[in-house]
Amino acid sequence: MINRAVFLTTANILDSSGNGGVKASLEHLQLLQNCLGYENVSVCIYIKKSEQQDGNKDYHIFTREENKLKLLFAAVFGCKIYMPWNEKQIVGYLEKYNPDLLFMDFSLLGRLIRLPHKYKTVVFFHNIEADYAYNKVKNEGLFYLPSYWASKRNDIWASRADKVICLNERDSRRLYERYGRKADALIPITFNDRFDISKTITNYKREILFLGSIFPPNQNSIEWFIQKVMPLLDNVELNIVGKGFETKKEEYEHNRNVHVIGSVDDIDTYYYSHCAVVLPILYGAGMKVKTAEAMMFGRRIFASDEALEGYEVEEIQGITRCNTEIQFATAINHYFQKGIFHAYQTDVRNLFMNKYETNKVKSTFIKTINDI
Numbered sequence: 014m015i016n017r018a019v020f021l022t023t024a025n026i027l028d029s030s031g032n033g034g035v036k037a038s039l040e041h042l043q044l045l046q047n048c049l050g051y052e053n054v055s056v057c058i059y060i061k062k063s064e065q066q067d068g069n070k071d072y073h074i075f076t077r078e079e080n081k082l083k084l085l086f087a088a089v090f091g092c093k094i095y096m097p098w099n100e101k102q103i104v105g106y107l108e109k110y111n112p113d114l115l116f117m118d119f120s121l122l123g124r125l126i127r128l129p130h131k132y133k134t135v136v137f138f139h140n141i142e143a144d145y146a147y148n149k150v151k152n153e154g155l156f157y158l159p160s161y162w163a164s165k166r167n168d169i170w171a172s173r174a175d176k177v178i179c180l181n182e183r184d185s186r187r188l189y190e191r192y193g194r195k196a197d198a199l200i201p202i203t204f205n206d207r208f209d210i211s212k213t214i215t216n217y218k219r220e221i222l223f224l225g226s227i228f229p230p231n232q233n234s235i236e237w238f239i240q241k242v243m244p245l246l247d248n249v250e251l252n253i254v255g256k257g258f259e260t261k262k263e264e265y266e267h268n269r270n271v272h273v274i275g276s277v278d279d280i281d282t283y284y285y286s287h288c289a290v291v292l293p294i295l296y297g298a299g300m301k302v303k304t305a306e307a308m309m310f311g312r313r314i315f316a317s318d319e320a321l322e323g324y325e326v327e328e329i330q331g332i333t334r335c336n337t338e339i340q341f342a343t344a345i346n347h348y349f350q351k352g353i354f355h356a357y358q359t360d361v362r363n364l365f366m367n368k369y370e371t372n373k374v375k376s377t378f379i380k381t382i383n384d385i
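Counting from 1 along the sequence shown, just add 13 to a position and that's the residue number in the working numbering.
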């Protein structure tokens with residue numbers, strides 16, 4: 014029987030306004046705490062020294078290596094997050110705490126499963142890290158080859174956990190193709206609903222919103238959108254919101270009708286003030302957190318296959334699948350030409366509440382833990 018657990022993550026959950034991975038990790042932590050009790054879950058985080066905060070007593074903090082040359086060396090030994098000789102820190106903590114369960118959020122620390130242990134193990138694959146790393150090699154260069162090798166090693170070790178959870182069928186299928194292991198449960202991206210209808214409006218401007226932190230898939234995708242789609246739009250402005258994009262403000266705003274806001278404290282305000290969201294993600298893995306978030310606010314969504322991967326969106330009024338500049342431009346122009354704006358898209362909102370609100374997956378999560 015599982016009475017107490019260690020929740021181990023590589024996402025900086027100290028930053029509640031962080032990227033999609035952070036938000037997903039916080040949701041998984043909450044599910045585990047609801048299952049076992051808040052006091053029975055010890056939280057351990059691997060984050061960079063620059064991200065650590067003094068006086069935080071709720072979490073046990075381990076330092077994530079930042080030096081790229083050191084990480085290159087560590088990758089040779091199958092380490093993605095820390096130097097091989099620093100593994101004793103987390104191992105020592107696990108021996109001291111003596112949990113019934115080690116819940117690993119992300120497979121980046123799958124290496125730990127190779128060590129002798131008495132506790133049960135669950136790994137939540139946010140994606141297939143080897144596929145994600147391969148995409149980086151393909152799109153960003155051979156420098157990431159060692160990272161790909163280390164990702165593959167950690168995926169292999171993680172696939173040997175007592176229980177494996179994936180976000181969607183694609184990831185479960187890839188896990189089986191690569192390592193001969195299917196997911197024991199599929200739990201998609203979810204959010205606790207925070208939509209407030211009293212904050213909605215109907216007098217929207219001719220603006221579309223791109224929201225996401227700056228990292229290669231997001232950056233490459235929005236730059237493609239700026240270069241290929243924006244010139245085809247009829248007097249429609251693009252607002253870019255997300256941590257780190259302020260560094261691209263001068264470069265991007267040379268383009269007509271492109272505005273960069275960058276980091277903000279309250280992203281909800283931007284969802285309420287925009288009728289439509291664009292998600293032109295060109296490549297990636299797992300599920301896109303911002304897709305579920307846009308659904309939660311009932312926004313009109315124009316998104317690529319990659320952005321919609323894992324979501325049941327077929328025949329949902331208010332979500333348009335676009336993969337080329339012509340498809341994006343045609344759909345967006347048609348929407349604004351009609352000029353009929355609702356406070357929110359009812360079908361999109363209902364889809365979120367029926368499929369991607371956190372309460373909808375609680376029973377699956379609890380059953381997975383109890384069946385170990």
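Cβ coordinates follow ideal geometry from the N, Cα and C atoms, glycine included.
For this session: Classify Y357 as helix, strand or coil using the three-state DSSP reduction.
Result: coil
Exercise. Does DSSP classify C288 as helix, strand or coil?
Worked result: Coil at C288, not helix or strand.
Exercise. Which word fits K372, buried or exposed, when buried means at least 16 other C-beta atoms lie within 10 angstroms of its C-beta?
Worked result: Note that residue 372 corresponds to Asn in the displayed sequence, not to Lys. With fewer than 16 Cβ atoms within 10 Å of its Cβ, N372 is classed as exposed.
Exercise. Is it right to say M308 is buried, meaning 16 or more other beta carbons lie within 10 angstroms of its own, or is it exposed?
Worked result: buried
For this session: Enumerate in chain order the residues of its own chain whose CB-to-CB distance from S226 is below 6 Å, with the five nearest sequence positions on each side excluded.
Result: Excluding positions up to five away in sequence, the list reads N32, G255, K256 and G257.
Problem set entry | V35 - containing alpha helix (DSSP H), residue span | G33 to L49
Problem set entry | Cα-Cα separation between F156 and L82, rounded to whole angstroms | 11 Å
Exercise. What are the start and end residues of the alpha helix (DSSP H) that includes H130?
Worked result: Run containing H130: none; DSSP gives neither H nor E here.
Exercise. Among residues of its own chain, excluding the 5 on either side of T359, which ones have a beta-carbon nearer than 6 Å to its beta-carbon?
Worked result: none
For this session: Report the three-state DSSP secondary structure of E328 (helix, strand or coil).
Result: If DSSP states are grouped into helix, strand and coil, E328 belongs with coil.
Problem set entry | Test item: CB-CB of I221 and V291 under 8 Å | With contacts defined by Cβ atoms closer than 8 Å, I221 and V291 form a contacting pair.
For this session: Apply the 10 Å Cβ neighbour rule to I214 and answer buried if 16 or more other Cβ atoms are within range, or exposed otherwise.
Result: By the 10 Å Cβ count, I214 comes out exposed.
Exercise. Hey, how far is the Cα of E328 from the Cα of R334?
Worked result: 10 Å
Exercise. Taking DSSP as the reference, what is the three-state secondary structure of Y95?
Worked result: coil
Exercise. Which word fits M300, buried or exposed, when buried means at least 16 other C-beta atoms lie within 10 angstroms of its C-beta?
Worked result: buried
Exercise. What did DSSP end up calling R183 once you bin it into helix, strand or coil?
Worked result: helix
Exercise. Hey, V150 and D175: beta-carbon distance below 8 Å or not?
Worked result: no
Exercise. Nearest-angstrom Cα distance between I353 and H267?
Worked result: 30 Å
For this session: Along the alpha helix (DSSP H) that carries M309, what are the first and last residues, could you check?
Result: V302 to M309
Exercise. Excluding sequence positions up to five away, which residues of its chain have a Cβ less than 6 Å from the Cβ of V374?
Worked result: Correct list, in chain order: I200 and T203.
Problem set entry | Contacting residues, own chain, Cβ-Cβ under 6 Å from I379 (five flanking each side not counted) | C48
Exercise. Taking the Cβ atom as the reference point for each residue, do E78 and L84 lie within a distance shorter than 8 Å?
Worked result: yes
Problem set entry | Which listed residue (A163, N99, C179 and A18) has its alpha carbon closest to that of K133 | Ranking the options by Cα distance to K133, first place goes to A18.
Exercise. Between the C-alpha atoms of F349 and N216, what's the straight-line distance to the nearest angstrom?
Worked result: 12 Å
For this session: List the whole-angstrom C-beta distance separating F208 from I253, where the pair is believed to meet the contact cut-off of C-beta under 8 Å.
Result: In fact, because the Cβ distance is near 23 Å, the residues do not count as touching under 8 Å.
For this session: Report the partner residues of D118 according to the DSSP bridge assignment.
Result: T22 and F137
For this session: Taking I234 as the reference, give the member of E182, T337, E142 and G311 with the closest Cα.
Result: Before going on, a small fix: residue 234 reads as Ser here, not Ile. Of E182, T337, E142 and G311, the residue nearest in Cα terms is T337.
Exercise. Taking the C-alpha atoms as reference points, what is the distance between K303 and R312?
Worked result: The straight-line gap from Cα to Cα measures roughly 11 Å.
Exercise. Does the beta-carbon distance from L188 to A342 come in below 8 Å?
Worked result: In this structure, A342 does not lie closer than 8 Å to L188 by Cβ.
For this session: Return the chain-ordered list of same chain residues with a C-beta closer than 7 Å to the C-beta of N248, the five sequence neighbours on each side being excluded.
Result: R219
Exercise. When you compare only the Cα positions, how much space is there between R173 and Y192?
Worked result: 9 Å
For this session: For A171, I'd like the list of residues in its chain whose CB is within less than 6 Å of its CB, leaving aside the five on either flank, ordered along the chain.
Result: S120, G123 and V136
Exercise. Given T22, which residues of its chain have a CB within under 6 Å of its CB, disregarding the five upstream and five downstream residues?
Worked result: S38, I58 and D118
Exercise. In terms of DSSP beta bridges, what is E250 paired with?
Worked result: E220
Problem set entry | Rounded straight-line distance, which links the Cα of I15 to that of L114 | Counting only the Cα atoms, I15 lies some 7 Å from L114.
Exercise. Among residues of its own chain, excluding the 5 on either side of S317, which ones have a beta-carbon nearer than 6 Å to its beta-carbon?
Worked result: P293, I294 and N336
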